[in-house]
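Same order as they appear, the protein sequences are chains A and B. Note that this note's numbering has the first sequence beginning at 1, numbered continuously upward. Note that this note's numbering has the second sequence beginning at 315, numbered continuously upward. All C-beta atoms in this analysis are idealised placements derived from N, C-alpha and C, irrespective of residue type, glycine included. A quick note: this is a predicted structure, and the numbers were derived from the prediction, not measured. Please read the structure below before turning to the comments.
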Amino acid sequence: MPPIQDQEHRPLLLEGPSLGLRLAILAATALALMVADHRQQYLGVVRGWLSVAAYPVLWAVDAPSSAWRFASETLTTRGSLKEENTRLSAANRELRLRLLRLDALEQENRRLREARASSARVAERSLVAEILRVDLDPFRQRVLVDKGSRDGVFAGQAALDGNGVFGQVTRVGPVSAEIIVISDPDHAIPVQINRTGVRTIAVGQGQTGSLLLPYLPRNADVVEGDLVVSSGLGGVFPPGYPVARVSEVRQDPAEPLLAVSATPLAQLDRDPEVLLVWFDNRIVEPEDEPDTATTDGQHAGPGAAAPPGPAEVR
Amino acid sequence: MTRRRGRYWPSITALLLASLAATVVPLPDLLEPLRPNFVALTILWLCLLSVRSTGLLLAWTAGLAIDALHGMLLGQNALALVVIAYIALKMRLRIRAFPILHQSVVVFGLLAINEFILFWIDGIAGFPVTAWTRWLAVLTGALCWPLLTGLYSRLALRA
């Protein structure tokens with residue numbers, strides 16, 4: 001090492017090993033960390049605590065915009081409040097009317113599902129989580145919310161907004177959680193076309209405005225404007241929640257599959273908050289098994305093909 | 315000596331926290347890929363131009379902080395920053411004599427190495443981001459260098 005460099009680095013050299021050795025040690029530590037982290041389970045606790053340590057920074061970055069939100073909420077005029085109130089009560093009336101019908105439908109649905117011994121998975125409990133206005137990664141669609149394992153949030157939990165499915169929780173810290181949005185290129189959600197019941201998978205493309213349904217055969221019955229709902233397969237998302245609307249169906253004669261794109265219904269880039277839901281994914285067992293089984297068997301008649309439901313009831 | 319160096323830790327910590335925060339401040343979607351890697355720039359400045367030489371451990375810790383903040387693979391940025399900090403410390407004496415634009419070119423190279431290591435690890439870990447826009451941040455980072463050095467030396471950290 002030339003003497004001039006020695007002078008320059010004296011503070012380092014006096015304290016410990018040479019620069020090259022330090023590099024080797026630190027790089028090896030970083031590599032070990034990455035390997036351990038890639039096999040998720042080893043570093044769960046460390047990650048949790050690091051996310052707590054990072055939270056103040058994120059909170060501070062989010063503070064101006066949440067202060068702005070608070071200010072604009074506090075300083076709205078009486079006129080605009082009244083206007084909003086009228087609009088909301090109109091919406092409320094309409095929703096209550098629809099709810100009247102929904103109650104009856106839900107009862108009926110539950111009875112039918114019980115008869116078939118299939119699972120009736122309806123969101124049971126939900127929690128509103130606020131999205132922090134921070135940019136985590138420009139190339140991945142992840143958001144951070146202000147609820148964590150302290151509030152009972154768990155990895156793999158579904159997140160919805162008022163219009164449809166938003167995403168799922170990937171990582172949980174004590175006070176915050178990371179949600180992967182359905183439009184992230186690493187995300188796929190099992191869906192079905194509401195009109196026809198065709199099941200497929202919707203994958204993200206990295207843009208908030210579009211999802212891809214790449215696994216539909218060319219003879220599948222899909223047209224523009226079809227509603228795409230979650231199918232509930234996989235057990236992460238509750239079934240029957242709206243996901244997207246088909247925006248384009250393209251048939252390429254050279255391709256065996258359709259190129260279908262859809263527009264997500266949830267406001268992926270504009271939501272100030274999301275709903276984290278808990279739903280019951282146990283199989284709902286009929287209460288009086290023998291009775292149901294026999295009566296259903298009689299209904300089906302000896303000649304007809306027996307429905308699979310009652311046959312499975314034990 | 316350690317006592318005298320100790321005086322600089324609060325300002326260095328503040329500087330790094332500010333640059334960490336600058337990496338998550340929300341930007342419009344179009345500008346987002348252009349955001350320079352402020353933490354890498356700050357580390358490079360500390361390694362190249364500040365009078366007190368700062369060690370690799372600081373670069374490593376800052377890298378880990380980025381990983382924790384952005385929810386990336388733990389150690390990814392730590393490795394990349396340690397490598398460029400090492401190169402910067404090796405080149406320290408030569409670079410300080412360079413004119414500012416010349417320095418920008420060197421910084422461009424170092425940021426490119428940083429980004430390449432991140433890109434490489436992304437690929438190995440199985441979530442590659444192959445969009446060409448990810449390399450734009452390297453360019454904007456190098457363009458920011460003259461402004462940043464001006465700002466940082468005003469902040470009296472050189473004293």
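Worksheet item: Can the beta-carbon of residue 357 (chain B) be found less than 9 Å from the beta-carbon of residue 376 (chain B)?
Response: Mapped onto the second sequence, residue 357 (chain B) falls at position 43. Mapped onto the second sequence, residue 376 (chain B) falls at position 62. Going by C-beta atoms, residue 357 (chain B) is nearer than 9 Å to residue 376 (chain B).
Worksheet item: With distances taken between CB atoms, is the gap from residue 191 (chain A) to residue 180 (chain A) smaller than 9 Å?
Response: One-based indexing of the first sequence puts residue 191 (chain A) at position 191. One-based indexing of the first sequence puts residue 180 (chain A) at position 180. Contact: no.
Item to complete: Please compile the residues from chain A whose C-beta is within a distance smaller than 7 Å of the C-beta of residue 290 (chain B).
Response: Past the edges of chain B, shown from 315 to 473, lies residue 290 (chain B), and the structure says nothing about it.
Practice prompt. Could you please tell me which residues of the stretch 437-464 of chain B, in chain order, have their CB closer than 7 Å to any CB of chain A?
Written response: 439, 441, 443, 445, 448
Discussion item. Helix, strand or coil for residue 427 (chain B)? Go by DSSP, reduced to three states.
Written reply: By 1-based counting over the second sequence, the position of residue 427 (chain B) is 113. Here residue 427 (chain B) sits in helix by DSSP.
Fill in: Residue span of the beta strand (DSSP E) that contains residue 48 (chain A), given as start and end
On the first sequence, position 48 is the one that residue 48 (chain A) refers to. Looking at the DSSP string, residue 48 (chain A) is not in any beta strand (DSSP E); the run it does join, the alpha helix (DSSP H), is 44-74.
Worksheet entry | Range covered by the beta strand (DSSP E) that runs through residue 262 (chain A) | Stepping through the first sequence from its first residue, residue 262 (chain A) is reached at position 262. It spans 259-264 - the beta strand (DSSP E) in which residue 262 (chain A) sits, taken as one unbroken run.
Discussion item. Going by DSSP, what residue range makes up the alpha helix (DSSP H) through residue 408 (chain B)?
Written reply: As a working note, residue 408 (chain B) is residue 94 in the second sequence. Element bounds for residue 408 (chain B): 390-410.
Discussion item. Residue 354 (chain B) and residue 398 (chain B) - do their beta-carbons sit closer together than 9 Å?
Written reply: As a working note, residue 398 (chain B) is residue 84 in the second sequence. As a working note, residue 354 (chain B) is residue 40 in the second sequence. In this structure, residue 354 (chain B) lies closer than 9 Å to residue 398 (chain B) by Cβ.
Fill in: Close Cβ partners of residue 215 (chain A) (< 8 Å) along its chain, the five nearest in sequence each way excluded
Here residue 215 (chain A) is taken as the residue at index 215 of the first sequence, counted from 1. The answer, listed in chain order, is 200, 201, 257.
Fill in: Helix, strand or coil at residue 455 (chain B) [DSSP, three-state]
Position 141 of the second sequence holds residue 455 (chain B). Correct three-state label for residue 455 (chain B): helix.
Worksheet item: Which residue or residues does DSSP assign as beta-bridge partners of residue 192 (chain A)?
Response: Here residue 192 (chain A) corresponds to residue number 192 of the first sequence, with the count starting at 1. According to DSSP, which records beta bridges pairwise, residue 192 (chain A) is partnered with A:199, A:229.
Discussion item. Between residue 414 (chain B) and residue 454 (chain B), how many whole angstroms is the CB-CB distance? I'm expecting something under 8 Å.
Written reply: Taking the first residue of the second sequence as 1, we reach residue 414 (chain B) at position 100. Taking the first residue of the second sequence as 1, we reach residue 454 (chain B) at position 140. Contact doesn't hold; Cβ gap of about 16 Å is too wide.
Discussion item. Suppose you measure from the CA of residue 241 (chain A) to the CA of residue 279 (chain A); what does that come to, to the nearest Å?
Written reply: Locating residue 241 (chain A) in the first sequence gives position 241, counting from the first residue. Locating residue 279 (chain A) in the first sequence gives position 279, counting from the first residue. Taking the straight line from one Cα to the other gives about 12 Å.
Practice prompt. Verify the CB distance criterion: does residue 340 (chain B) have a CB-CB separation below 9 Å to chain A?
Written response: As a first step, residue 340 (chain B) must be located in the second sequence, where it is residue number 26. When Cβ-Cβ separations below 9 Å define contact, residue 340 (chain B) makes contact with chain A.
Item to complete: Starting from residue 167 (chain A), trace the beta strand (DSSP E) both ways and give me its first and last residue.
Response: Within the first sequence, the letter at position 167 stands for residue 167 (chain A). 165-172 is the span of the beta strand (DSSP E), which, as asked, contains residue 167 (chain A).
Item to complete: Find the residues of chain B that neighbour residue 37 (chain A), judging by a C-beta separation of less than 7 Å, and give them in chain order.
Response: Residue 37 (chain A) sits at position 37 when you count from the first residue of the first sequence. Near residue 37 (chain A) (Cβ distances below 7 Å), the residues of chain B are 387, 388, 389.
Practice prompt. Sort out for me which residues DSSP pairs residue 131 (chain A) with in a bridge.
Written response: Locating residue 131 (chain A) in the first sequence gives position 131, where the first residue counts as 1. According to DSSP, residue 131 (chain A) bridges with A:145.
Worksheet entry | Proximity to residue 186 (chain A) [Cα-Cα], best of A:96, A:169, A:206 | Within the first sequence, numbered from 1, the residue matching residue 186 (chain A) stands at position 186. Answer by Cα proximity: A:206.
Worksheet entry | Distance cut-off 8 Å: residue 191 (chain A) Cβ against heavy atoms of the ligand MG | Absence of the ligand MG is noted for the structure shown, with no ligands found whatsoever.
Fill in: Residues of the stretch 177-211 of chain A with Cβ closer than 7 Å to any Cβ of chain B, in chain order
178, 186
Worksheet entry | 8 Å Cβ shell around residue 65 (chain A) - same chain, five flanking residues per side excluded | As a first step, residue 65 (chain A) is located in the first sequence; it is residue number 65 there, counting from the start. The residues are 133.
Worksheet item: For residue 126 (chain A), does the three-state DSSP call read helix, strand or coil?
Response: The residue labelled residue 126 (chain A) in the question sits at position 126 within the first sequence. If DSSP states are grouped into helix, strand and coil, residue 126 (chain A) belongs with the strands.
Discussion item. Considering only DSSP beta bridges, list what residue 414 (chain B) is partnered with.
Written reply: Numbered from its first residue, the second sequence carries residue 414 (chain B) at position 100. None; residue 414 (chain B) has no bridge partner.
Worksheet item: Can you name the residues of chain A whose CB is closer than 9 Å to the CB of residue 347 (chain B)?
Response: Position 33 of the second sequence, counted from the start, is the residue given in the question as residue 347 (chain B). Those within 9 Å of residue 347 (chain B) in chain A are 138, 139.
Worksheet entry | Closest by C-alpha distance to residue 203 (chain A), when choosing among A:193, A:195, A:221, A:184 | Residue 203 (chain A) sits at position 203 when you count from the first residue of the first sequence. Nearest C-alpha to residue 203 (chain A): A:184.
Fill in: Where residue 106 (chain A) falls: helix, strand or coil (DSSP)
Start at 1 with the first residue of the first sequence, and residue 106 (chain A) comes out as number 106. The answer is helix: DSSP assigns residue 106 (chain A) an H, G or I state.
Worksheet item: Taking only beta-carbon atoms, is residue 292 (chain A) less than 9 Å away from chain B?
Response: By one-based count along the first sequence, residue 292 (chain A) stands at place 292. At residue 292 (chain A) the pLDDT is 39, less than 50, meaning the model places this residue with poor confidence; the figure from the coordinates comes in the next sentence. With 9 Å as the cut-off, residue 292 (chain A) does not count as an interface residue toward chain B.
Discussion item. The beta strand (DSSP E) that contains residue 179 (chain A), what's its start and end?
Written reply: Position 179 of the first sequence, counted from the first residue, corresponds to residue 179 (chain A). Note, residue 179 (chain A): beta strand (DSSP E), 177-181.
Fill in: Nearest-angstrom Cβ-Cβ length linking residue 384 (chain B) and residue 136 (chain A), presumed shorter than 8 Å
Numbered from 1 along the second sequence, position 70 holds the residue referred to as residue 384 (chain B). Numbered from 1 along the first sequence, position 136 holds the residue referred to as residue 136 (chain A). The Cβ separation is near 5 Å, so the contact holds.
Item to complete: Take residue 69 (chain A) and list the residues in its own chain whose beta-carbon comes closer than 8 Å to its own, dropping the five residues that flank it on each side.
Response: Counted from its first residue, the first sequence places residue 69 (chain A) at position 69. Same-chain partners within the cutoff: 272.
Worksheet item: Can residue 419 (chain B) and residue 456 (chain B) be called in contact, C-beta distance under 9 Å?
Response: Along the second sequence, one-based indexing puts residue 419 (chain B) at 105. Along the second sequence, one-based indexing puts residue 456 (chain B) at 142. Contact: yes.
Discussion item. How far does the beta strand (DSSP E) with residue 211 (chain A) in it extend, from its first residue to its last?
Written reply: Locating residue 211 (chain A) in the first sequence gives position 211, counting from the first residue. Looking at the DSSP string, the run of the beta strand (DSSP E) that includes residue 211 (chain A) is 211-213.
Worksheet item: What is the rounded straight-line gap between the Cα of residue 331 (chain B) and the Cα of residue 57 (chain A)?
Response: Taking the second sequence and counting its residues from 1, the one referred to as residue 331 (chain B) is at position 17. Taking the first sequence and counting its residues from 1, the one referred to as residue 57 (chain A) is at position 57. The alpha-carbon atoms of residue 331 (chain B) and residue 57 (chain A) are separated by roughly 8 Å.
Worksheet item: Comparing the C-beta of residue 161 (chain A) with each C-beta of chain C, is any distance below 9 Å?
Response: Among the protein chains of the structure shown, namely A and B, there is no chain C.
Worksheet item: CB residue 195 (chain A) to CB residue 226 (chain A), shorter than 9 Å?
Response: The count along the first sequence starts at 1 and reaches residue 195 (chain A) at position 195. The count along the first sequence starts at 1 and reaches residue 226 (chain A) at position 226. It is a contact, given that the beta carbons lie within the stated cut-off.
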